[in-house]
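Chemist:
Protein chains: 2
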Amino acid sequence: MAGRKQFDVDEALRRAMHVFWRWGYSEASIDRLTEGTGLGRSSLYGTFGDKSTLFRKSLQRYAQTYHPLYDQALSGPHPSPSVVVAAYLQVTLNRIADPTVPDGCLLTVSATQFPALDAEGQAMVRAMICGLRTMLEQALLAAGADDQETAELALCTLATNKSLAVLSRAGFSSEDLATVAAAAARIPGRPHPLP
Amino acid sequence: MAGRKQFDVDEALRRAMHVFWRWGYSEASIDRLTEGTGLGRSSLYGTFGDKSTLFRKSLQRYAQTYHPLYDQALSGPHPSPSVVVAAYLQVTLNRIADPTVPDGCLLTVSATQFPALDAEGQAMVRAMICGLRTMLEQALLAAGADDQETAELALCTLATNKSLAVLSRAGFSSEDLATVAAAAARIPGRPHPLP
DNA sequence: CACATCTTGAAACGATCGGTGCAAGATGTG
DNA sequence: CACATCTTGCACCGATCGTTTCAAGATGTG
Chain A
1 MAGRKQFDVD
11 EALRRAMHVF
21 WRWGYSEASI
31 DRLTEGTGLG
41 RSSLYGTFGD
51 KSTLFRKSLQ
61 RYAQTYHPLY
71 DQALSGPHPS
81 PSVVVAAYLQ
91 VTLNRIADPT
101 VPDGCLLTVS
111 ATQFPALDAE
121 GQAMVRAMIC
131 GLRTMLEQAL
141 LAAGADDQET
151 AELALCTLAT
161 NKSLAVLSRA
171 GFSSEDLATV
181 AAAAARIPGR
191 PHPLP
Chain B
1001 MAGRKQFDVD
1011 EALRRAMHVF
1021 WRWGYSEASI
1031 DRLTEGTGLG
1041 RSSLYGTFGD
1051 KSTLFRKSLQ
1061 RYAQTYHPLY
1071 DQALSGPHPS
1081 PSVVVAAYLQ
1091 VTLNRIADPT
1101 VPDGCLLTVS
1111 ATQFPALDAE
1121 GQAMVRAMIC
1131 GLRTMLEQAL
1141 LAAGADDQET
1151 AELALCTLAT
1161 NKSLAVLSRA
1171 GFSSEDLATV
1181 AAAAARIPGR
1191 PHPLP
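Residue numbers (the working numbering), protein chains in the order written: chain A, 1 to 195; chain B, 1001 to 1195.
As structure tokens, this is what we get:
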């Protein structure tokens, strides 16, 4: 029934990523992965290894697809920290609004939430978060924020990013998500209202 | 080996809630539930029904335990919307810091994230979120916010609440969580920094 | 004590889980 | 064509999943 591979490896990985994206790690069964990719079990295991390896490759695939978008949005000159925050969150909003990907990404947010994920996968997720955090901090510093404000804003923007994914998954409208993102861009440069 | 129940039903439900709290719905296997509650399979099924029913009862148990805390923090008079937001998020921070509950609650945040949860459970989670939202909106109106600001702040505070749970689960420090909560309290009453 | 009621532990159910073995078939090379 | 190499579909593995069944034992009532 075969001599050379009858599928595109990169496209299959993209589809597998979308299965994890939609179902998370535990609920992404091998049957769902074979169905989503169109591959048979043998092809899936022969090409990508076992489930946890495939998940890690899906994470890598996600990073190499979307991290450049964040990098591009943050690399240019920005007039203020607020603009940096808004630009970062806009990338997330764009990704959520993308009709070619499943609704509600369970890769970035809930990867750390699924207890079934092994230590190697957890470490990879943490490294991805750390990379985005550094990316944000550099852009904030370049936009004129001091060290303390940079640390705070990077953290809060990451937090907002996570909440956008959660709210999206929970069925909140894109208008609501845009409202949350816009409010996060209003945090910079404000004194504490509490004593 | 028994004639009358050899355990406290309410305490067993509390422990079952903590198992879902720690593991989420899919990863909370019956074995983990029997181990966590100390009950046998027969007692568990005989008392609480099947797994999805037990999860719903755990959700109810969570709501009746923690929603009064939010209600209490919001019911008194507040000088400003900022204080309302801060008071609300402080309840979440306190719950996260509680040493008697597991680290990283997968009940409120990720209940909507787990595809395995049935429609009835999903609806219950949405109803809980809706109740908290209404509670917040009433307190914000009472604190002098107009309709538009109330809607925006209630949404953003809910979003921050979710992100706190996610960041907590991801291993961020309690100082980081407090920073995020404090920054959210700085949103009210600020003009948009972007054109 | 007799008897109905309830609870419990243990075994077992079918279904699904992630993963493997293997023969059949397609390909590239000689 | 002969042959080694690779891929694929299919069956199957043990383990675990949620759930049910059932007999044994403890209790409350007469």
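All C-beta atoms, glycine included, are put in the ideal place defined by N, C-alpha and C.
#1: Please report the distance separating the alpha-carbon of A:Val9 from that of B:Ala1016.
#2: Ignoring anything shorter than 4 residues or poking outside the region 89–142 of chain A, list the alpha helix (DSSP H) runs there in chain order.
#3: Could you check which residue in B:Tyr1045, B:Ala1086, B:Val1109, B:Arg1095 has the C-alpha nearest to that of B:Leu1069?
#4: So what does DSSP say about A:Gln72, is it helix, strand or coil?
#5: Is the CB-CB distance between A:Phe20 and A:Ser58 below 8 Å?
#6: Using the beta-carbon of each residue, which ones in chain B are nearer than 7 Å to A:Cys156?
#7: I'd like to know whether the C-beta of A:Lys51 is nearer than 8 Å to at least one C-beta of chain B.
#8: Taking Cβ-Cβ distances shorter than 8 Å, what residues in chain B pair up with A:Thr112?
#9: With a threshold of 16 other CB atoms inside 10 Å of the CB of A:Ala183, please say whether the residue is buried or exposed.
#10: Comparing alpha-carbon positions, which option in B:Leu1054, B:Phe1007, B:Glu1011 lies nearest B:Ile1030?
#11: If you run the structure through DSSP and keep just helix, strand and coil, what is B:Ala1030?
#12: Mind listing the chain B neighbours of A:Ser29? Cutoff is C-beta to C-beta under 9 Å, in chain order.
#13: Hey, out of B:Ser1173, B:Glu1137, B:Thr1037, B:Ser1043, whose CA is closest to B:Arg1004's CA?
#14: Mind pulling the chain B residues with CB within less than 7 Å of A:Thr163?
#15: Are there 16 or more other CB atoms within 10 angstroms of the CB of B:Asp1050, so buried, or fewer, so exposed?
#16: Would you say B:Leu1074 and B:Val1085 are within 8 Å of each other, going by their C-beta atoms?
#17: Using the beta-carbon of each residue, which ones in chain A are nearer than 8 Å to B:Val1109?
#18: Can you list, in chain order, the residues of its chain with a C-beta nearer than 7 Å to that of B:Pro1102? Leave out the 5 residues immediately preceding and following it.
#19: Can you tell which of B:Leu1177, B:Gln1148, B:Asp1176, B:Leu1164 has the C-alpha that lies nearest to the C-alpha of B:Pro1188?
#20: Smallest Cα separation from A:Leu117: which of A:Glu27, A:Leu164, A:Leu141?
#21: Would DSSP call A:Gly189 helix, strand or coil?
#22: If the cut-off is 9 Å on Cβ atoms, which residues from the region 1003–1027 of chain B count as contacting chain A, listed in chain order?
#23: Inspect the CB distances between the region 156–168 of chain A and the region 1152–1168 of chain B and report whether three or more fall short of 8 Å.
#24: Taking only beta-carbon atoms, is B:Arg1056 less than 8 Å away from chain A?
#25: Below 8 Å between beta carbons: does that hold for B:Ala1178 and B:Leu1093?
#26: If we ignore side chains and look at the alpha-carbon of each, how far apart do B:Ala1139 and B:Arg1126 end up?
#27: Within the continuous alpha helix (DSSP H) that includes A:Ala198, where are the two ends?
#28: Residues of chain A with CB closer than 9 Å to the CB of B:Ile1187, please, in chain order.
#29: Indicate the three-state DSSP secondary structure (helix, strand or coil) for A:His67 in the structure shown.
#30: State buried or exposed for A:Ala97, treating a residue as buried only when at least 16 other CB atoms are found within 10 Å of its CB.
#31: Cα separation between A:Gly24 and B:Pro1079?
#32: Can you give me the start and stop residues for the alpha helix (DSSP H) that B:Ala1154 sits inside?
#33: Can you tell me whether DSSP reads B:Ser1080 as helix, strand or coil?
#34: Can you tell which of B:Gly1144, B:Arg1014, B:Glu1011, B:Gln1006 has its C-alpha closest to the C-alpha of B:Pro1081?
#35: Please confirm whether B:Leu1106 has its beta-carbon closer than 8 Å to some beta-carbon of chain A.
#36: Hey, A:Arg56 and B:Thr1112 are a contact pair by Cβ (cut 8 Å); roughly how many whole angstroms apart?
Modeler: On the basis of the data shown:
#1: Against the first sequence, residue 9 of chain A aligns to sequence position 9. Against the second sequence, residue 1016 of chain B aligns to sequence position 16. Distance between the alpha carbons of A:Val9 and B:Ala1016: 43 Å.
#2: 119–142
#3: As a first step, residue 1069 of chain B is located in the second sequence; it is residue number 69 there, counting from the start. It is B:Arg1095.
#4: In the first sequence, the residue the question calls residue 72 of chain A occupies position 72. The answer is helix: DSSP assigns A:Gln72 an H, G or I state.
#5: For the purposes of this step, residue 20 of chain A is identified with residue 20 of the first sequence, where counting begins at 1. For the purposes of this step, residue 58 of chain A is identified with residue 58 of the first sequence, where counting begins at 1. Cβ atoms of A:Phe20 and A:Ser58: closer than 8 Å.
#6: In the first sequence, residue 156 of chain A corresponds to position 156, counting from 1. Val1180, Ala1183, listed in chain order.
#7: In the first sequence, counting from the first residue as 1, residue 51 of chain A sits at position 51. No, A:Lys51 does not count as interfacial toward chain B.
#8: Here residue 112 of chain A refers to the residue found at position 112 of the first sequence. Here the neighbours are Val1166, Arg1169, Ala1170, Gly1171.
#9: Walking along the first sequence from the start, residue 183 of chain A turns up at place 183. With 16 or more Cβ atoms within 10 Å of its Cβ, A:Ala183 is classed as buried.
#10: Translated into positions along the second sequence, residue 1030 of chain B becomes position 30. Cα-wise, what sits closest to B:Ile1030 is B:Leu1054.
#11: In the second sequence, counting from the first residue as 1, residue 1030 of chain B sits at position 30. Note on identity: in this sequence residue 1030 of chain B is Ile, with Ala being the wrong assignment. Reduced to three states, the DSSP call for B:Ile1030 is helix.
#12: On the first sequence, residue 29 of chain A is found 29 positions in, with the first residue counted as 1. Those within 9 Å of A:Ser29 in chain B number zero; the least Cβ separation is about 11 Å.
#13: Looking up residue 1004 of chain B in the second sequence gives position 4. Closest option to B:Arg1004, Cα to Cα, is B:Ser1043.
#14: Taking the first residue of the first sequence as 1, we reach residue 163 of chain A at position 163. Before going further, note that residue 163 of chain A is Ser rather than Thr in the sequence given. Going along chain B in sequence order, the residues near A:Ser163 (Cβ under 7 Å) are Ala1159, Thr1160, Lys1162, Ser1163.
#15: If you number the second sequence from 1, residue 1050 of chain B lands on position 50. The residue is exposed, with fewer than 16 neighbouring Cβ atoms inside 10 Å.
#16: The count along the second sequence starts at 1 and reaches residue 1074 of chain B at position 74. The count along the second sequence starts at 1 and reaches residue 1085 of chain B at position 85. Result no, Cβ atoms of B:Leu1074 and B:Val1085 do not sit closer than 8 Å.
#17: As a working mapping, residue 1109 of chain B is identified with position 109 in the second sequence. Here the neighbours are Gln113, Val166.
#18: Locating residue 1102 of chain B in the second sequence gives position 102, counting from the first residue. Closer than 7 Å at Cβ, skipping near neighbours: His1018, Trp1021, Arg1022.
#19: Translated into the one-based positions of the second sequence, residue 1188 of chain B becomes position 188. Closest option to B:Pro1188, Cα to Cα, is B:Gln1148.
#20: Numbered from its first residue, the first sequence carries residue 117 of chain A at position 117. Checking every option, the nearest Cα to that of A:Leu117 belongs to A:Glu27.
#21: The residue you call residue 189 of chain A lines up with position 189 of the first sequence. It is coil, neither helix nor strand.
#22: Arg1022, Trp1023, Gly1024, Ser1026, Glu1027
#23: yes
#24: Taking the second sequence and counting its residues from 1, the one referred to as residue 1056 of chain B is at position 56. Output row for B:Arg1056: interface = no.
#25: As a working note, residue 1178 of chain B is residue 178 in the second sequence. As a working note, residue 1093 of chain B is residue 93 in the second sequence. Cβ distance < 8 Å, so B:Ala1178 and B:Leu1093 count as in contact.
#26: On the second sequence, position 139 is the one that residue 1139 of chain B refers to. On the second sequence, position 126 is the one that residue 1126 of chain B refers to. Approximately 20 Å between the Cα atoms of the pair.
#27: Any answer about residue 198 of chain A is impossible in this case: the structure gives chain A only from 1 up to 195.
#28: Taking the first residue of the second sequence as 1, we reach residue 1187 of chain B at position 187. Those are Ala183, Ala184, Arg186, Ile187, Arg190, listed as they occur along chain A.
#29: As a working note, residue 67 of chain A is residue 67 in the first sequence. Three-state DSSP puts A:His67 in a helix.
#30: Sequence index remark: in the first sequence, residue 97 of chain A carries index 97 (1-based). The residue is exposed, with fewer than 16 neighbouring Cβ atoms inside 10 Å.
#31: The residue labelled residue 24 of chain A in the question sits at position 24 within the first sequence. The residue labelled residue 1079 of chain B in the question sits at position 79 within the second sequence. The alpha-carbon atoms of A:Gly24 and B:Pro1079 are separated by roughly 43 Å.
#32: By 1-based counting over the second sequence, the position of residue 1154 of chain B is 154. From DSSP, the alpha helix (DSSP H) with B:Ala1154 extends over 1147–1169.
#33: As a working note, residue 1080 of chain B is residue 80 in the second sequence. Coil, per DSSP.
#34: Within the second sequence, residue 1081 of chain B is the residue found at index 81, counting from 1. Here the closest residue by C-alpha is B:Gly1144.
#35: Here residue 1106 of chain B refers to the residue found at position 106 when the second sequence is read from its first residue. Yes, B:Leu1106 counts as interfacial toward chain A.
#36: As a working note, residue 56 of chain A is residue 56 in the first sequence. As a working note, residue 1112 of chain B is residue 112 in the second sequence. So it is not a contact: roughly 26 Å between Cβ atoms.
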